[in-house]
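Q:
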Amino acid sequence: MKKVITYGTFDLLHHGHIRLLQRAKELGDHLTVAVSSDEFNLGKGKVCAYPYAERAYIVEAIKYVDCVIPETSWEQKIRDIQEHQIDIFVIGDDWAGKFDFLKEYCEVIYLPRTDGISTTQIKEALSSPPTEYK
Numbered sequence: 001m002k003k004v005i006t007y008g009t010f011d012l013l014h015h016g017h018i019r020l021l022q023r024a025k026e027l028g029d030h031l032t033v034a035v036s037s038d039e040f041n042l043g044k045g046k047v048c049a050y051p052y053a054e055r056a057y058i059v060e061a062i063k064y065v066d067c068v069i070p071e072t073s074w075e076q077k078i079r080d081i082q083e084h085q086i087d088i089f090v091i092g093d094d095w096a097g098k099f100d101f102l103k104e105y106c107e108v109i110y111l112p113r114t115d116g117i118s119t120t121q122i123k124e125a126l127s128s129p130p131t132e133y134k
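Just so it is clear: in the sequence shown, position 15 is 15 by UniProt numbering, and no numbers are missing.
Have a look at this one:
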């Protein structure tokens with residue numbers, strides 16, 4: 001069985017998130033998703049619309065996801081790969097090269113982001129009145 005892992009905050013879930021999870025799952029038989037904890041996000045300067053428990057619950061309900069674990073630090077990735085016997089680490093290509101150090105432990109794949117959508121865009125759109133509907 002080929003095991004895949006990805007990491008993310010998954011706040012304000014959108015079709016780009018779903019596409020990432022779908023493509024990640026297509027690379028193997030089992031997909032583990034590490035959802036960033038509230039404390040970890042605050043350390044990165046991120047404030048989420050939904051707390052960790054709700055984000056994890058939503059991600060766990062997605063049909064492509066087999067397991068959800070908390071992401072509490074940058075350093076846990078090697079441990080997660082070893083403990084969960086991961087074969088492939090997947091993340092968006094906006095992180096290209098940043099996780100190459102994991103190649104010693106598993107295959108690393110940077111997937112292209114979905115054009116035209118991001119959580120940042122959603123937050124910006126919600127904070128300003130719409131000029132048109134798409």
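Glycine residues also receive a C-beta, built at the ideal position from the N, C-alpha and C atoms.
None of these values were measured; they are calculated from a predicted model.
Could you spell out the range, first to last residue, of the alpha helix (DSSP H) harbouring H15?
A: 15–26
Q: Going straight from the alpha carbon of A56 to that of K63, what length do you get?
A: C-alpha separation (whole angstroms): 13 Å.
Q: Would you please state the rounded distance, in angstroms, between the beta carbons of V35 and Y52? I believe it to be under 8 Å.
A: 7 Å
Q: Let me confirm a value: F101 is counted as buried when at least 16 other C-beta atoms fall within 10 Å, else exposed. Which label applies?
A: exposed
Q: Mind checking V47: buried by the 16 CB within 10 Å criterion, or exposed?
A: That one is exposed.
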